[in-house]
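2 protein chains.
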Amino acid sequence: MTNMRSVGVRAGPRRVTISDVANDLGVSKGTVSRALNGYPDISEGTKLKISRAAERLGYRPLSHAQAIRTGRVRSLGLVLQIDSEDSARPFLADFIGGVTQAASDENWTVTIAAEPTEERVRKTLARLVDEQKADGFILPRTLKHDGRVTTLLNANVPFVMFGRTVEDSECAWYDIKGEDAMRAATTRLAALGHTRIAHIPGGDQYYYTQLRIEGYKAGLEAAGIPFDPALLAPEAMTRRAGAAAFDQLMSLPEPPTAVVCAVDRAALGVYRGANARGLRIGREISVIAYDGVPEGAYADPGLTTFAVNSQQAGERLARLLIERIRGADPEDLRELAPATLVERGSDKAPALSSKELAQRLNDQHEIKNV
Amino acid sequence: MTNMRSVGVRAGPRRVTISDVANDLGVSKGTVSRALNGYPDISEGTKLKISRAAERLGYRPLSHAQAIRTGRVRSLGLVLQIDSEDSARPFLADFIGGVTQAASDENWTVTIAAEPTEERVRKTLARLVDEQKADGFILPRTLKHDGRVTTLLNANVPFVMFGRTVEDSECAWYDIKGEDAMRAATTRLAALGHTRIAHIPGGDQYYYTQLRIEGYKAGLEAAGIPFDPALLAPEAMTRRAGAAAFDQLMSLPEPPTAVVCAVDRAALGVYRGANARGLRIGREISVIAYDGVPEGAYADPGLTTFAVNSQQAGERLARLLIERIRGADPEDLRELAPATLVERGSDKAPALSSKELAQRLNDQHEIKNV
DNA sequence: TTTCTTGCCGAAACCGGTTTCGGGGCCGCA
DNA sequence: TGCGGCCCCGAAACCGGTTTCGGCAAGAAA
Chain A
302 MTNMRSVGVR AGPRRVTISD VANDLGVSKG TVSRALNGYP DISEGTKLKI SRAAERLGYR
362 PLSHAQAIRT GRVRSLGLVL QIDSEDSARP FLADFIGGVT QAASDENWTV TIAAEPTEER
422 VRKTLARLVD EQKADGFILP RTLKHDGRVT TLLNANVPFV MFGRTVEDSE CAWYDIKGED
482 AMRAATTRLA ALGHTRIAHI PGGDQYYYTQ LRIEGYKAGL EAAGIPFDPA LLAPEAMTRR
542 AGAAAFDQLM SLPEPPTAVV CAVDRAALGV YRGANARGLR IGREISVIAY DGVPEGAYAD
602 PGLTTFAVNS QQAGERLARL LIERIRGADP EDLRELAPAT LVERGSDKAP ALSSKELAQR
662 LNDQHEIKNV
Chain B
302 MTNMRSVGVR AGPRRVTISD VANDLGVSKG TVSRALNGYP DISEGTKLKI SRAAERLGYR
362 PLSHAQAIRT GRVRSLGLVL QIDSEDSARP FLADFIGGVT QAASDENWTV TIAAEPTEER
422 VRKTLARLVD EQKADGFILP RTLKHDGRVT TLLNANVPFV MFGRTVEDSE CAWYDIKGED
482 AMRAATTRLA ALGHTRIAHI PGGDQYYYTQ LRIEGYKAGL EAAGIPFDPA LLAPEAMTRR
542 AGAAAFDQLM SLPEPPTAVV CAVDRAALGV YRGANARGLR IGREISVIAY DGVPEGAYAD
602 PGLTTFAVNS QQAGERLARL LIERIRGADP EDLRELAPAT LVERGSDKAP ALSSKELAQR
662 LNDQHEIKNV
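Just so you know, the sequences run in chain order A and B. Residue numbering for the first sequence follows the numbering used here, beginning at 302 and increasing consecutively. Residue numbering for the second sequence follows the numbering used here, beginning at 302 and increasing consecutively.
What follows is the structure, given as structure tokens:
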């Protein structure tokens, strides 16, 4: 079990090659190869002998030596887009941890790259495909219409998307049921007594934005609250945009007393906007969001949110991709996981009704203007 | 699954190989290889012809085909340790961006892995070395005595450390001058009028902790303030520990009016501790820290801190490692970069003297106990 | 002129695997 | 006894590069 050799002394004794194993047993290296790869034309007895000898000698095939013939390098590709406002950054460590963990289990590795723009991501992706640096790719942050998908589909390279998209035939994916979270958030707020519940959606380029809006509407319907288009704020992916969206909502004649945000960062913008108007989160304004960013825990009061398990996502995506590379039908490789509610202090029964809130905002406005 | 085409084998036009280039020009493939790799025994004219033909035909050598003979896969290895309290997480995206960017520039790739424990990091590192998945490694979070270093030194595998360490002969490294930052923080607080300045250091397993303590002491000396061991708090790498360290400082007969923290997270703990005692940051208590975590900007008031440029660090580390792999002397591959001061609101002139502060804390205590 | 370099390149071995092809036993069956 | 078929496995080709070795021609030295 404990083979001293595999613990990395590469400088001294030469690597154990497949020929060493073959010579040790007096068989041909072709036989060793076929035995180790489970070919049916090698007898069980020989397979056993060979695998034991390989173990004993500490033989580990070099993946790049295999790749020269098989075209497979046993590596998963991951090209990240890292821009300054990347909302995915806090999850990155967990996500990478999940991916590499699952890859390690199968003795695969992960080849990673990061680019600042969509354009450069596509170029790097093409380069990695061209140079066969990975056998397949995980595509994070799927867009509604995603150039990467066409690139990989054309090159006939396996991939798995993190997030659904519009046209997903021939696509494998893993996604979180954001729509269910939005729906649950809405009914939860309704149950607390809110009747004016707004939604601040995510970026239009993401498919999930659409899904989450539908979830919000479904929540309203379940609670028997008619949908009011005025309560569907402009999109917000950042704190700043979230604050702006909130401003717009507060200038409504019948302002909402609760806001469901598609992403946590927008919700933190709501905090800021509320703060600026002297409204307290969890009192005059309730908020529920989605993502589970760490800042949400540090906000005051803590942000109630639906958190996604990024590590699990990474792990599942890696496993799906490996299956896909091994030949599974992409249509069979699709998974949905729920987000989990993290209850903190930002969602409470309304301290003011919408009318009272409007009155108070109006008073402030007049004071300001005096 | 029966007549399904294997996904791993790519369809479409065959790759352009070195033989294609050779045949196109009527030379041998050995000549093409030597020409493209800049061997001196190929005439300049031939080199030019060959490199142009390669360009024209779109020839790209497969790194794993090269690796089988050269042993070099043109890949940098990065094994991260990701535990739940990992203070490096917010920087990870920038760091990875820097590393992969620099690698891309040289047409290298980055092989990444993540493990939760030190033990598993070493095992994974050994596996990657053994399987030749990378030509060298970047070691983040260097410890005072680091097992990874011995592993790699023994295996004769190139590496570069992010952070200095005790015994660094034969080691290449890149580091941030945390000691200078601590010194500057201390003199800055002294210039604001503080005379009782405490230090909350980092974990003892890190070499930088020692350096930063020295920087703090140097700052005191420069300001003409004698070092008081009582003001050297217990180590703190987390918010919780930071709050605990602050508690201890506040129970001193002559409590500090300012705190220099080795890491931002500890400083955020100081915020919490001050808050709990009704002390306002930037008034009764001033704080300067180090790291530049995003939460520092969201704290109230914003945390004045010395920020490190993680992207640049990643980029420089990658470049140093590539040079190291190409044979440069590790002793020549050492770089120090400064941290940059981000002025926010947590460092101001003291609102109370140490004595007054002690008095006030004492009053509170008595009220509590009544 | 002869010999010795030197520059330049082709031929072939080589790296560590995989895969094709074919053939030697052994069995069953006529 | 002869023959076909099946089970195993060896031999060798192959993958796409790199590197060694040696030879030819031109120029320099004798």
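For each residue, glycine too, the CB sits at the ideal point set by N, CA and C.
Minimum Cβ-Cβ distance from residue i to chain B less than 8 Å
i         : result
Ala415(A) : yes
Gly603(A) : no
His495(A) : no
Gly398(A) : yes
Ser352(A) : no
Ser320(A) : no
Through-space distance from residue j to residue i, alpha-carbon basis
i         : j         : result
Glu432(A) : Ile369(A) : 12 Å
Leu454(B) : Thr605(A) : 49 Å
Ala691(B) : Val560(A) : Examination of residue 691(B) is not possible in this model, given that chain B is present from 302 through 671 alone.
Ser647(B) : Ser405(A) : 44 Å
Asp447(B) : Ala435(B) : 20 Å
His500(A) : Thr401(A) : 36 Å
Ser611(B) : Glu657(A) : 49 Å
Tyr507(A) : Lys445(A) : 5 Å
Ala659(B) : Pro556(B) : 6 Å
Leu429(A) : Thr410(B) : 9 Å
Phe528(B) : Asp384(B) : 35 Å
Pro651(A) : Asn576(B) : 27 Å
Asp601(A) : Tyr572(A) : 9 Å
Ser334(A) : Tyr360(B) : 31 Å
Tyr284(A) : Thr451(A) : Beyond the ends of chain A as shown, which are 302 and 671, falls residue 284(A); an answer cannot be given.
Ser329(A) : Ile319(A) : 9 Å
Glu345(A) : Arg353(A) : 12 Å
Sequence-distant residues of the same chain with beta carbon closer than 6 Å to residue i, five excluded per side
i         : result
Val380(A) : Ala414, Val422, Thr425 and Leu426
Ile514(A) : Pro502
Thr443(B) : Met462, Gly464 and Thr466
Ile351(B) : Val333 and Ala336
Thr303(B) : In this prediction, Thr303(B) scores a pLDDT of 30, lower than 50, which makes its location untrustworthy; the coordinate-derived value is nonetheless stated afterwards. The answer is none, since no qualifying residue turns up.
Ala456(B) : Val430
Residue i at chain A interface by Cβ criterion, 8 Å
i         : result
Asp431(B) : yes
Arg361(B) : yes
Gln402(B) : yes
Ile582(B) : no
Leu393(B) : yes
Arg335(B) : no
His365(B) : yes
Val374(B) : yes
Thr539(B) : no
Ser611(B) : no
Tyr599(B) : yes
Collapsed DSSP secondary structure at residue i in the structure displayed
i         : result
Gly579(B) : coil
Gln549(A) : helix
Leu658(B) : helix
Val588(B) : strand
Tyr683(B) : This structure cannot settle anything about residue 683(B), because the visible part of chain B is limited to 302 through 671.
Val333(A) : helix
Ser647(A) : coil
Tyr340(A) : coil
Ala485(A) : helix
Val267(B) : Absent from the structure is residue 267(B), since the part of chain B shown begins at 302 and ends at 671.
Val564(B) : coil
Arg559(A) : Correcting the residue identity first, residue 559(A) is Ala in this sequence and not Arg. In this structure, Ala559(A) counts as strand in the three-state DSSP scheme.
In DSSP terms, what residue i is bridged to
i         : result
Ala403(A) : DSSP, once it has assigned bridges, lists no residue as partnering Ala403(A).
Arg635(B) : Trp474(B)
Gly437(A) : Leu377(A)
Val411(A) : Leu377(A) and Ile413(B)
Spatial neighbours of residue i in its chain, beta-carbon cut-off 7 Å, leaving aside the 5 residues before and after
i         : result
Ala640(B) : Ile477, Lys478, Gly479, Ala482, Tyr591, Phe607, Ala608 and Val609
Phe392(A) : Ser611
Leu358(A) : Val317, Asp321, Val322 and Asp325
Nonlocal neighbours in the same chain, by C-beta distance under 8 Å from residue i, ignoring five residues either side
i         : result
His365(B) : Val374
Pro417(B) : Gln382, Ile383 and Asp384
Any non-hydrogen atom of the ligand MN closer than 7 Å to residue i Cβ
i         : result
His446(A) : The model on display carries no ligand, and the ligand MN is accordingly not part of it.
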